[in-house]
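What follows is one structure encoded as structure tokens, with my remarks underneath.
In my numbering, the protein residues as written are 8 to 238.
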């Protein structure tokens, strides 16, 4: 866990929310959450729960008990799964007097494109599926969604400005040789209306991660200025 501690301490001055995904949580479990909280930072628990409604609802209450700032489930788990998750979380928050976390529904992974959906039997494009799932998530009481920057416009029009959009697949350019297919730059994602962006590899792989974060903050400011002009 030394590497994780190093990243949090190195970037903590510039980053408020740290994402804990499957790799880190599988290795370190709740200990990594405790470490981040002890340093005064918020947690995005990115485990993408996807199972039967009862199981996901139970897992979600566990996330709430860890006092994470936000966590996610797969929208493809269905409306009942999302509704029961929201109900279970609200109950635990009320009974234990905890803060209500942001509950997100993952729409379509940014590693998937239209060809992938066809291969899996979907008779629609990524943008159509993302929008459909976002609407179901909102009807289910979710706080927002995880969605590609390419889907933000449609989701905003359908779900409104208060519905949170978290955008992963952030890269320095729109060309990449990794497993992400529907990507965006920081500036573009923010300009399109993302409330939060998820940035991993561009920071981890940078020669100077701190400088990279500072550059990202500058791009966020530029993106917000563009968004304001459009509005």
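Cβ atoms here follow ideal geometry from the backbone N, Cα and C, with glycine treated the same way.
A quick note: this is a predicted structure, and the numbers were derived from the prediction, not measured.
- With a threshold of 16 other beta carbon atoms within 10 Å, residue 232 falls short and is exposed.
- With a threshold of 16 other beta carbon atoms within 10 Å, residue 219 meets it and is buried.
- For residue 212, the secondary structure class from DSSP, reduced to helix, strand or coil, is coil.
- One thing to note: residue 80 has its Cβ within 8 Å of the Cβ of residue 55.
- Between the C-alpha atoms of residue 177 and residue 19 there is a straight-line separation of about 20 Å.
- Residue environment for residue 101: exposed (fewer than 16 other C-beta atoms within 10 angstroms of its C-beta).
- Taking the C-beta atoms as reference points, residue 113 is found no nearer than 8 Å to residue 88.
- Positions of the beta strand (DSSP E) runs, each at least 3 residues long and wholly inside the segment 96 to 150, are given as 109 to 113 in order along the chain.
- Ranked by how close their Cα comes to the Cα of residue 26, the residues 225, 229, 212 and 203 have 203 in first place.
- In the DSSP annotation of this structure, the continuous segment of the beta strand (DSSP E) that includes residue 26 starts and ends at 24 to 28.
- In the three-state DSSP reduction, residue 168 falls in the coil class, being neither helix nor strand.
- Residue 68 carries a helical assignment under DSSP once its states are collapsed to helix, strand and coil.
- Residue 140 has its alpha-carbon roughly 11 Å from the corresponding atom of residue 111.
- With contacts defined by Cβ atoms closer than 8 Å, residue 159 and residue 199 form a contacting pair.
- Straight-line measurement puts the Cα of residue 154 at about 7 Å from the Cα of residue 116.
- DSSP places residue 21 in the coil class of the three-state scheme, outside both helix and strand.
- C-alpha of residue 227 to C-alpha of residue 59: approximately 38 Å in a straight line.
- Residue 42 and residue 131 have their C-alpha atoms spaced approximately 43 Å apart.
- As computed with DSSP, residue 79 is found in a beta bridge with 111.
- Distance between residue 36 and residue 29, taken at the CA atoms: about 9 Å.
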